[in-house]
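Residue numbers for the sequence shown follow the UniProt record's numbering, beginning at 1 and rising by one.
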Amino acid sequence: MSPRKSAAEARRTRERIVERGVAIASVEGLEGLTIGRLATDLGMSKAGILGHFGTKETLQLATLDEASAVFLRVVWQPAAHETPGLPRLRAVCEAWITYLEHEREIFPGGCLFTTASVEFDARGGRVREAVARLHRLWRRRLVGELRLAVTAGDLPSGTDPEQVAYELVGLYLALNQAIQLFADPLAPDRTRRALDRLLAQA
């Protein structure tokens, strides 16, 4: 086997492990993501899994990175071509609602980031730091769009982008709970109305 083919196969195997890891973690949490469970699901040995990641923590971090890539692909990329500022922010918000409405098609157990934030908010360590970093990066992106909207005159000059982003995140945490815990079919439209009111007030 050539070194190039060997490297390609190793990369594909790693991708399979991470994809399965995302599916498991969305249902059972990152702590439920065990080397043994992955080995059984994928028909691999534990040593084979460890050969790619070394530790459970490294696997958890890789799983978070993959989930982040999926989230950006589903929520950010469909809106990326819109005019920066309020038009793009509204497109992102609508894609975010759609993502949460259909998240079980993407993550079997629902939004991995919401699960991970609850699972690790009272812990220390690298995984908690990674979860917090990804949430901060997303909020920073929202703040950036809000600032562009203020600069363009789409929102009043006195708008506080940090405050509006804070409230936006709250809306979507509430939407995730309403869908996941209560299976509320009205939650997406309630969120749209709340979003319209928030941006109008801003």
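Just so it is clear, CB atoms sit at the ideal spot from N, CA and C, and this is done for glycine as well.
Which residue wins for smallest C-alpha separation from residue i, given the options the options?
{"i": "Val75", "options": "Ile106, Leu195, Thr58", "result": "Ile106"}
{"i": "Leu168", "options": "Thr55, His135, Glu9", "result": "His135"}
{"i": "Asp41", "options": "Arg11, Arg123, Ser26, Arg16", "result": "Arg16"}
{"i": "Thr191", "options": "Arg126, Leu173, Gly125, Leu181", "result": "Leu173"}
{"i": "Thr58", "options": "Thr34, Met44, Ala39", "result": "Thr34"}
Along the chain, where does the alpha helix (DSSP H) that runs through residue i open and close?
{"i": "Phe107", "result": "Run containing Phe107: none; DSSP gives neither H nor E here."}
{"i": "Thr63", "result": "56-71"}
{"i": "Ala200", "result": "187-201"}
{"i": "Pro156", "result": "First-last for Pro156: undefined, no H or E at that position."}
{"i": "Trp138", "result": "126-151"}
So, under 8 Å CB-CB, residue i and residue j are touching, yes? Tell me the CB distance rounded to an integer number of Å.
{"i": "Glu101", "j": "Cys111", "result": "Glu101 to Cys111, Cβ: 11 Å. No contact."}
{"i": "Thr159", "j": "Leu171", "result": "Going by Cβ atoms, the distance from Thr159 to Leu171 rounds to 16 Å, so no, they are not a contact pair."}
{"i": "Glu94", "j": "Gly29", "result": "No, Glu94 and Gly29 are not in contact; Cβ-Cβ is about 29 Å, not under 8 Å."}
I need the straight-line Cα distance from residue i to residue j, nearest angstrom please.
{"i": "Glu31", "j": "Ala152", "result": "45 Å"}
{"i": "Ala202", "j": "Ala130", "result": "31 Å"}
{"i": "Arg128", "j": "Asp121", "result": "7 Å"}
{"i": "Gly36", "j": "Leu64", "result": "19 Å"}
{"i": "Ala47", "j": "Gln177", "result": "38 Å"}
{"i": "Ala23", "j": "Gln77", "result": "22 Å"}
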